[in-house]
Structure formats: structure tokens, C-alpha cells
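Student: I am attaching a structure below and will ask some questions about it afterwards.
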Amino acid sequence: MRSTRSSILLAILFLAGCRTAPPPAATPAASAMPVSLASEPREIHYGFLFSGNRAGSGASRVEADGTQVHTFEFNDRGRGSNTTSRYRLDSGGLPTFLETTGNDYLKSPVHDQFERKGTHASWKSSAEKGEREVREPAFFLSLNGPPQEAALLAKALLATPDHRLALLPTGEARIEELAS
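Residue numbering for the sequence shown follows the working numbering, beginning at 8 and increasing consecutively.
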């Protein structure tokens with residue numbers, strides 16, 4: 008069974024700590040740069056603190072072909088995951104491909120896969136394997152995905168008219184504003 012509550016809590020903590028500085032104001036030299044340099048992949052690094060001590064890190068980047076690569080490592084007294092996840096998203100921000108490799112919290116090997124082609128979705132991990140015909144928009148929630156996956160899900164939810172999405176392999180997610 009997936010630990011949804013702890014994943015959501017970790018995601019909220021992750022998202023609360025992920026603030027990036029606004030881009031610098033354009034200068035005449037910067038605006039004269041070729042378009043290819045402006046579209047170069049960039050990388051964002053994150054640090055994770057546990058009781059005030061650095062306990063992990065993550066990084067996110069978008070490659071030239073649009074593939075998102077998210078890394079995550081966490082060390083809890085010698086235990087902890089170390090994964091790299093590669094996502095390809097459709098125009099609505101929904102995963103069409105995902106591959107996560109590395110090791111899980113107990114150092115067991117991880118090789119999770121997901122692919123959606125048209126209405127056919129298939130997935131495989133150490134804990135489950137399945138496939139399904141999917142006719143509505145759906146977000147695949149991976150077993151060993153990085154905390155950054157919660158940000159991808161939130162962005163996809165905000166892009167839907169009713170802020171709801173079916174989840175694969177099963178379930179539904181929704182997002183709502185509680186206060187402003």
C-alpha cells in the first residue's frame with residue numbers, strides 16, 4: 008500500500024522550501040544572446056534538513072528535448088533513498104513516460120517504469136505491475152518517485168477545469184485553495 012499521507016506531508020514540506028529567486032532583469036548583453044543559449048537546460052538544487060541537519064538533497068532540470076530529470080537522495084542514519092527519475096509530460100502536464108532508478112529507503116534496487124501511449128497505460132515496479140485502457144486525463148503516481156513529483160501533480164491539477172484528476176494505478180487527486 009502506498010504511503011499517501013506521508014508522501015503528501017513530505018511534498019508540502021518540500022514545496023514550502025522550494026523558492027527560487029526571480030530571474031535577473033534583462034540587460035542589453037543578455038537580450039542579445041542567441042535563442043539557443045536562452046533555452047539551454049537549467050538546474051535547480053534543493054537541500055533537505057531534518058532536525059536542523061542536512062539530511063538530503065535534490066536537483067531538477069529540463070533537458071533540451073523537454074525531458075524532466077529529478078534526483079533525490081536522503082540519508083537517515085545510513086538508510087535512505089537515492090533515485091533519479093526521468094519524466095516526459097504531455098501538454099497538460101501529465102506523465103507519458105517515467106523511469107526511476109536507484110535504491111529505496113532500505114537500499115533495495117529501484118527500477119520503476121510507466122508509459123502511456125494513446126489510451127494504453129502500463130507500469131511496473133518492485134511492488135506492482137499493471138496496464139489499463141485510460142480514456143480520461145490521469146496522473147501516474149509512482150511508488151518511488153521523488154518529492155518533486157508532488158509539484159508536477161499540483162501543477163497538473165491546477166491546469167484542469169475542476170482541479171481533479173484520476174490517479175494511476177488507482178484513485179483520484181484534487182487540489183483546492185483553503186485560504187489566501
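Note that the Cβ used here is the ideal one computed from N, Cα and C, for glycine as well.
Kindly indicate the opening and closing residues of the alpha helix (DSSP H) around Lys-162.
Tutor: 155-165
Student: Going residue by residue through the stretch 68-100, where are the continuous alpha helix (DSSP H) segments of at least 4 residues, counting only ones entirely within it?
Tutor: none
Student: Can you pull the DSSP bridge partners for Thr-107?
Tutor: Ser-92 and Asp-119
Student: Run through DSSP, which three-state label would Gly-152 get?
Tutor: coil
Student: Are the Cβ atoms of Tyr-94 and Phe-104 separated by less than 8 Å?
Tutor: yes
Student: Contact between the stretch 58-68 and the stretch 124-132 is defined here as three or more beta-carbon pairs at a separation below 8 Å; is this criterion met?
Tutor: no
Student: In the DSSP assignment, what residue or residues form a beta bridge with Lys-114?
Tutor: In DSSP, Lys-114 forms no bridge with anything.
Student: Provide the residue span of the beta strand (DSSP E) that contains Leu-185, from first to last.
Tutor: Unbroken run through Leu-185: none, as it is neither H nor E.
Student: Cα-Cα, which of Pro-144, Lys-114 and Tyr-53 is closest to Ser-133?
Tutor: Lys-114
Student: Return the Cβ separation of Asp-119 and Thr-107 in integer angstroms, given the expectation that the two are a contact with Cβ distance under 8 Å.
Tutor: 4 Å
Student: In the DSSP output, which residue or residues are listed as bridge partners for Arg-139?
Tutor: Ala-128
Student: Figure out for me which residue from Ala-145, Ser-88 and Pro-102 has the closest Cα to the Cα of Asn-110.
Tutor: Ser-88
Student: Could you compute how far the alpha carbon of Ala-163 sits from the alpha carbon of Asp-83?
Tutor: 31 Å
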